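A quick write-up on the structure given underneath.
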Amino acid sequence: MIWLTLLAMATLVFISRYIFLEPKLPIRLGPKILHFLHYTGPAVLTAIWAPIVFHQEGQLNLGINNPYFIAAIVAAILAVTTKNVLLTTVLSMALFFIIN
Amino acid sequence: MPENTLTDNSLISPAQAFLKGAVIILPLSIAVIPWGILAGSLAVEAGLFDLQAQAVSAIVFAGSVQLVGMGLIKAGASLTTLLLTTLFLTSRHLLYSATMRTRISHLPVHQRLILGFLLTDELFAVCSHQTRKQFNFWYAFGAGFSFYFIWQLASLSGIILGQSIPNLDQYGLDFAVAATFIAIVLPTIKKLSVLVTVVIALILSVVFSVLEIEGGIIYSSLIAMSIGYAVSIMRKEPL
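Taken in sequence, the protein lines are chains F and U. The first sequence begins at 3 in this note's numbering and counts up one residue at a time. The second sequence begins at 111 in this note's numbering and counts up one residue at a time.
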């Protein structure tokens with residue numbers, strides 16, 4: 003039973019990831035849909051990182067005593083100025099672990 | 111664009127592209143190690159045998175689904191509840207899949223299946239801002255596979271060690287996820303509509319998180335995308 007349950011979960015996850023990658027799927031993503039989907043990356047990735055930075059252990063923290071917030075500001079500045087993902091990640095993580 | 115992804119990946123060898131992908135995703139792979147350990151130990155706690163517990167990570171391969179799913183199995187939830195919850199948590203992958211369609215759907219079937227299986231938040235993060243020309247199967251495979259491999263090792267550690275590693279969540283490793291996503295998203299803000307999307311997603315996701323609304327990520331994303339799209343149409347922004 004547990005194997006079937008796991009298989010069912012895996013199938014659902016796989017289908018959700020694969021379905022639109024299948025060229026035989028009789029769906030044409032028109033220019034309007036593609037334009038809309040253009041915002042997926044900025045929207046979903048932000049919706050994942052923002053709560054990590056501002057909401058920890060049930061507490062909303064918008065203050066400068068929040069090490070996540072400080073390190074995120076530094077990450078943002080590095081990201082915009084250097085446009086280098088690895089450098090930004092490594093430097094801002096180093097800062098985070100120093101101040102946390 | 112980050113230096114590592116701006117270069118035309120069609121000009122480098124598969125091995126080089128694979129390695130580049132594996133390196134670029136490394137911060138994210140390291141950041142999910144605590145979650146992998148947690149996923150492994152939770153599966154054992156939920157009553158699964160070691161092989162089954164590893165199989166969860168090997169075949170389901172979705173952090174949020176695994177963590178919540180194991181909790182439900184442990185609580186004795188019905189199969190219907192378990193699958194509906196899975197469907198809900200995995201729904202954002204539909205957006206990733208649709209977004210990557212123009213870049214992946216023309217690839218051979220085995221490459222499509224592999225990338226589909228590996229299409230996590232993290233793989234989407236490192237590939238989504240690439241143009242069709244920059245996109246390279248081996249780069250994406252290198253990123254996806256190395257991430258998968260580290261996830262398996264982390265889960266295995268969790269299965270073996272169980273709960274004996276205390277307070278893994280206290281080291282703030284989740285900041286690496288935030289840092290990487292910030293590093294990927296912010297340089298792509300070149301239009302007002304994208305800026306509006308990011309700001310709305312930021313505010314709503316935090317509000318939904320505080321209100322403990324399940325599925326806050328997908329709701330805040332869809333609203334932010336709709337508003338960004340509307341701004342772009344109203345301002346007649348060029349694509």
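Built from N, CA and C at the ideal position, the CB exists for glycine as well. Computed from a prediction, not measured in an experiment: that's the story for all the values here.
Item, Value
"Which residues, taken in chain order from the segment 225-243 of chain U, show a beta carbon closer than 9 Å to some beta carbon of chain F?", "225, 226, 227, 228, 229, 230, 231, 234, 235, 236, 238 and 239"
"Going along the chain, which residues of its own chain have a beta-carbon closer than 6 Å to the beta-carbon of residue 237(U), five neighbours each way excluded?", "250"
"Flag residue 44(F) as yes if its beta-carbon sits less than 8 Å from any beta-carbon of chain U, otherwise no.", "yes"
"Could you check where the alpha helix (DSSP H) with residue 208(U) kicks off and where it finishes?", "202-214"
"With a threshold of 16 other CB atoms inside 10 Å of the CB of residue 324(U), please say whether the residue is buried or exposed.", "exposed"
"Is there a Cβ of chain U sitting closer than 8 Å to that of residue 53(F), yes or no?", "yes"
"Return no unless some Cβ of chain U is closer than 8 Å to the Cβ of residue 96(F).", "no"
"Are the C-beta atoms of residue 72(F) and some chain U residue less than 8 Å apart?", "no"
"Please classify residue 116(U) as buried or exposed, where buried requires at least 16 other C-beta atoms within 10 Å of its C-beta.", "Low confidence applies to residue 116(U): its pLDDT is 46, below 50, so where it sits in the model is not reliable, and the reading given next is rough at best. Exposed, because fewer than 16 other Cβ atoms sit within 10 Å of the Cβ of residue 116(U)."
"So which residues of chain F does residue 210(U) contact, with C-beta pairs closer than 7 Å?", "23"
"Chain U partners of residue 102(F), CB-CB under 7 Å?", "282"
"Taking the C-alpha atoms as reference points, what is the distance between residue 55(F) and residue 269(U)?", "29 Å"
"In this structure, does DSSP put residue 164(U) in helix, strand or coil?", "helix"
"When the Cα atoms are used, what is the spatial distance from residue 46(F) to residue 204(U)?", "12 Å"
"Residues in the same chain with beta-carbon distance under 8 Å from residue 305(U), minus the five sequence neighbours each way, listed in chain order, please.", "299"
"Does residue 112(U) pass the burial test, meaning 16 or more other C-beta atoms within 10 Å, or should it be called exposed?", "Residue placement at residue 112(U) cannot be trusted, given a pLDDT of 46 that sits under 50; the coordinates are not used to answer."
"Beta carbon of residue 174(U), beta carbon of residue 25(F): below 8 Å?", "no"
"Would residue 330(U) and residue 311(U) be called neighbours here (beta carbons separated by less than 8 Å)?", "yes"
"Nearest-angstrom Cα distance between residue 317(U) and residue 42(F)?", "19 Å"
"Using only the alpha-carbon positions, how far apart do residue 128(U) and residue 168(U) sit?", "21 Å"
"Could you confirm whether any beta carbon from chain U is found closer than 8 Å to the beta carbon of residue 66(F)?", "no"
"Let's test the definition: count the other Cβ atoms within 10 Å of the Cβ of residue 340(U) and tell me whether it reaches 16, buried, or not, exposed.", "exposed"
"Cβ closer than 7 Å: which chain F residues qualify as neighbours of residue 359(U)?", "Any question about residue 359(U) goes unanswered here, given that chain U covers just 111 to 349."
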